[in-house]
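Structural data, given as structure tokens:
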């Protein structure tokens, strides 16, 4: 394009030279100079216009290429989005199949995509909150005495006894077997008797049978506290010989041996209040003693007072609180401070 401009200039110059007279006038020279300048200006404008047109053409080409790149990028992103959506759908289908294989019904899990996604995105901590921890009530310890509560053991021969053991006649209290089953269903059970082992073991075997294996313990006189005193020495009068040795059942011996039990969850059931002289208040009840002459006794039966009392105790949170609010049977025995101190020293 530059050579073309140069050629035009040369031709113009040549034309001027050819038309110029050897002696030309100044007016003609001026006119020729003006024409030459106009030609040069037009030539420059033509050159600039050509450059502008070429530049515009180049810019248009670049714009088309950019548009193609943008379209290609959008297509790639769209394809990736479709692949991701298909993958998510496969994952959701897998979750649904897993739930079905576990036997989870449609009523418990919404199979729609939105609900499944919501459940999958839910934090683990939320799952913990959804699970309600069942309230487990700790079993209480029921300590049962034998003679006077479950049986009446009479020395020597007595007609119609249920069993004779070591020259003793044993009469089982009515409803005793059913009552023991009830006790094992509701409580941890222990047996504690102030009788010597030789006079106790046979009675336990007779009463409990296979249930004996479920006992937490079976304690005889050797586990009781021998005060070295008799009932008459501390001013007690009972329906039995007042010269009988005074043995106490201290519940703290159980609590020291078995860590699961304490004052709040232990109840002693005994027909003789003096055996609990050293125990905390409201940790024992003292039903009226059973004797074999009471043929119509039903205290251990389904509607009997002892059974109903224990049903209420089973639902209670605290043994002393329940016993304190629901007095039962014989009144607990309270000794003078002097006698209590004497027992404590023993």
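In the UniProt record's numbering, the protein residues as written are 1 to 346. From the three backbone atoms N, C-alpha and C, an ideal C-beta is built for every residue, glycine too.
Restricting attention to beta strand (DSSP E) runs no shorter than 3 residues, the region 230–312 encloses them at 245–248, 266–269, ordered along the chain. One thing to note: residue 246 has its Cβ within 8 angstroms of the Cβ of residue 229. When the Cα atoms are used, residue 261 and residue 213 turn out to be separated by approximately 19 angstroms. In the three-state DSSP reduction, residue 217 falls in the strand class (E or B). Looking at 253, 309, 206, 313, the one whose alpha-carbon comes closest to that of residue 176 is 206. Between residue 253 and residue 163, the alpha-carbon positions lie close to 32 angstroms from each other. Less than 8 angstroms divides the Cβ of residue 266 from the Cβ of residue 141. Excluding five sequence positions before and after residue 304, the CB atoms of its chain that fall closer than 6 angstroms to its own CB belong to 298, given in chain order. Closest in C-alpha terms to residue 312, from the list 183, 173, 151, 271, comes 183. Counting only the Cα atoms, residue 143 lies some 14 angstroms from residue 264. As the crow flies, the alpha-carbon of residue 316 is around 43 angstroms from that of residue 157. Rounded to whole angstroms, the gap between the alpha carbons of residue 232 and residue 243 is 6 angstroms.
Remark: C-beta atoms of residue 329 and residue 288 approach each other more closely than 8 angstroms. As the crow flies, the alpha-carbon of residue 224 is around 24 angstroms from that of residue 211.
For residue 155 against residue 168, the beta-carbon gap comes to about 6 angstroms, under 8 angstroms, which counts as contact. Less than 8 angstroms divides the Cβ of residue 202 from the Cβ of residue 166.
With a threshold of 16 other beta carbon atoms within 10 Å, residue 172 meets it and is buried. DSSP lists no beta-bridge partner residue for residue 227.
Around the beta carbon of residue 209, fewer than 16 other beta carbons lie within 10 angstroms, which makes this residue exposed.
For residue 191, the number of other beta carbons within 10 angstroms of its own is at least 16, and it is reported as buried. Here the alpha carbons of residue 281 and residue 198 stand approximately 32 angstroms from one another. Across the set 195, 276, 236, the C-alpha of 195 shows the shortest separation from the C-alpha of residue 221. Nearest in C-alpha terms to residue 259, of all of 216, 320, 285, is 216. According to the DSSP assignment, residue 208 belongs to the alpha helix (DSSP H) that extends over 197–208. Looking at 151, 276, 322, 309, the one whose alpha-carbon comes closest to that of residue 332 is 276.
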